[in-house]
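Working notes, structure below.
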Amino acid sequence: MRATFHILHIPLHCSLRNILLSLFAACAAALSCGAAAQAFPAKSVRIVVPFPPGGAADLLTRALGKRLSETWGQAVVADNRPGAGGNIGAEATAKSAPDGYTLLMGAVTTHAVSMSLYNKLGYDLEKDLMPVSLVANVPHILVAHPSVPAANVTELLAWLKSQGGKVAFASQGNGTLSHLEYELMKSMGGFTANHIPYKGQRPGQADLLAGNVLLFFDSIPSSLPQVRAGKLKGIGVASSRRTPVLPDLPTLAEGGLTGFAADSWFGIMAPAGTPREIVSKLNADIVKALDSDEVKAIITRQGGEVMGSTPERMAQQIRSDREKWGKVVRDSGAKIE
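Numbering follows our numbering, with no gaps: position 225 of the sequence shown is 235.
Structure representation (structure tokens):
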């Protein structure tokens with residue numbers, strides 16, 4: 011049996027025309043995206059802050075936003091949407107148009123903790139948001155009411171173990187980093203305490219100053235004036251490194267909790283699907299703003315460390331911390347509906 015092959019003849023001019031049309035369309039699309047990135051932003055940009063006003067995320071957003079506004083000639087608005095450990099603001103951003111005009115000042119809690127801690131989220135952290143750049147690490151410090159009979163980590167752990175779980179230990183709320191820092195310290199230090207979650211930093215610090223609670227993992231910008239005034243006692247820095255604004259205060263790891271490290275980083279995220287060219291422009295402008303003397307000075311005064319990065323570096327940070335804090339959540343048994 012002889013096989014019969016039919017050869018389809020396509021006129022040369024037709025195939026060339028189709029190829030040229032495809033190339034033209036691709037080039038036009040690329041030029042369009044490039045032009046859009048060059049023209050960006052053509053209106054005001056909103057940065058959602060998923061935490062209450064006055065905290066580290068809010069201060070960072072306003073400092074960065076001021077510099078970006080000067081660069082772009084457009085308003086940059088800080089939009090505080092606190093609640094649910096930062097998830098309300100994160101969800102609002104995830105569901106916004108992917109055009110670069112709505113961004114999120116994300117944090118280690120919104121991107122490395124929430125997936126493990128919350129039974130249900132209204133968005134997918136991995137699919138609905140994309141990294142743009144890390145901004146800064148603003149570490150927490152463990153502060154105590156002056157009545158606490160301990161001057162360092164070793165003395166504090168011994169005292170906590172002697173109190174039978176009665177000591178009131180505040181946090182900024184269920185699911186916040188200060189809550190997870192408490193859980194990590196409790197696990198590593200071998201003590202029990204009475205966890206009191208507040209709705210944000212301010213009410214927690216107010217009760218600490220009043221002596222209604224005795225210990226609190228607080229952000230440096232909030233607690234630094236109180237520590238310097240002697241109204242609160244600094245026990246240790248929660249981060250992996252000391253802070254330049256309190257150089258004599260050791261880290262908790264140096265004080266005896268070997269291996270304790272809870273870096274409180276913040277970074278800019280965009281809704282998934284934001285054009286690559288716009289993300290690249292945002293990244294370049296954010297990194298440049300963070301390198302300015304003005305912004306660096308503001309972050310340093312708050313005890314922070316500038317962390318401008320590529321989107322890929324931020325994605326790596328998220329993956330690493332998600333694994334770390336996921337284990338803390340599982341080991342503690344903490345869950346939020």
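Ideal placement from N, C-alpha and C gives every residue a C-beta, glycine not left out.
All of these numbers come straight from a predicted model, not from anything done at the bench.
Just to confirm the assignment, what range does the alpha helix (DSSP H) spanning residue i have?
| i | result |
| --- | --- |
| I308 | 303-311 |
| N90 | First-last for N90: 86-90, but that is the beta strand (DSSP E), not the alpha helix (DSSP H). |
| A263 | 262-265 |
| I296 | 286-300 |
| G214 | 211-220 |
Between which residues of its own chain and residue i is the CB-CB distance below 8 angstroms, once the five residues before and five after are set aside?
| i | result |
| --- | --- |
| P254 | T310, G313 |
| S126 | R332, W335, G336, V339, R340 |
| L113 | V55, R56, I57, V58, T103, V142, I278, M279, A280, L292 |
| L219 | H155, Q236, K241, L242 |
| L131 | N97, E101, S124, M125 |
| A282 | A104, P108, K137, D138, L139, M140 |
| S302 | R77 |
| I308 | L69, A73 |
| L256 | I151, I230, L234, V237, G244, V247, G313 |
Using three-state DSSP, classify residue i as helix, strand or coil.
| i | result |
| --- | --- |
| V247 | strand |
| H155 | coil |
| N184 | coil |
| D68 | helix |
| T320 | coil |
| N204 | strand |
| H16 | Confidence is the limiting factor: at H16 the pLDDT is only 46, short of 50, which leaves the residue's position unreliable, though a coordinate-based value still follows. DSSP places H16 in coil when its eight states are reduced to three. |
| A325 | helix |
| A178 | strand |
Which one of the options has the shortest CA to CA distance from residue i?
| i | options | result |
| --- | --- | --- |
| L9 | A344, P159, G132, Y128 | Because the chain here runs from 11 to 347, residue 9 falls outside it and cannot be looked at. |
| G269 | E322, A220, G199 | G199 |
| V86 | L74, K345, E304 | L74 |
| G246 | V163, G116, I308 | V163 |
| I98 | L167, G116, S319 | G116 |
| L300 | G96, N147, P108 | N147 |
| L144 | G183, S188, A67 | A67 |
| R91 | G185, Q84, P231, P62 | P62 |
| T435 | R72, G65, V153 | No answer is possible for residue 435: it lies beyond the span of the chain, which begins at 11 and ends at 347. |
| G214 | K76, S319, R238, H189 | H189 |
| P60 | Q48, Q84, K53, A88 | A88 |
| L187 | I346, S330, G95 | G95 |
| G93 | H150, L267, K53, G185 | G185 |
| S181 | A248, T120, F227 | F227 |
| V316 | F276, R323, E322 | F276 |
| L267 | E304, G318, R323, K196 | K196 |
| A248 | Q173, K298, P149 | P149 |
| A161 | A122, G183, G244, G210 | G244 |
| G265 | R329, H121, L70, L167 | L167 |
| A271 | N129, W82, K298, R252 | R252 |
Could you please give the first and the last residue of the uninterrupted beta strand (DSSP E) stretch that includes residue i?
| i | result |
| --- | --- |
| L167 | First-last for L167: 163-172, but that is the alpha helix (DSSP H), not the beta strand (DSSP E). |
| D228 | 225-229 |
| I57 | 55-59 |
| S143 | 139-147 |
| A239 | A239 -> no beta strand (DSSP E), and no H or E assigned at all. |
| F276 | 275-281 |
Under 7 angstroms Cβ to Cβ from residue i, same chain only, skipping five residues before and after it: list those, please.
| i | result |
| --- | --- |
| G175 | T202, A203, N204 |
| F50 | G110, I288, K291 |
| E193 | V338, S342, A344 |
| E80 | none |
| V177 | L170, A203, N204, L224, L225 |
| R72 | A88 |
| S106 | T112, P281 |
| E304 | R77 |
Identify, in the order they occur along the chain, each residue of the same chain with its Cβ nearer than 6 angstroms to the Cβ of residue i, setting aside the five sequence neighbours on each side.
| i | result |
| --- | --- |
| Y133 | E101, A104 |
| F179 | Y192, A203, H205, L225 |
| T284 | P108, G110 |
| G221 | H155 |
Can you confirm whether residue i, when its beta carbon is compared against all beta carbons of chain C, has any partner nearer than 8 angstroms?
| i | result |
| --- | --- |
| K291 | Given the protein chain composition of this structure (a single chain), no chain C is represented. |
Please give me, in chain order, every unbroken run of the alpha helix (DSSP H) with length at least 4 that falls completely inside the segment 91-128.
97-104, 124-127
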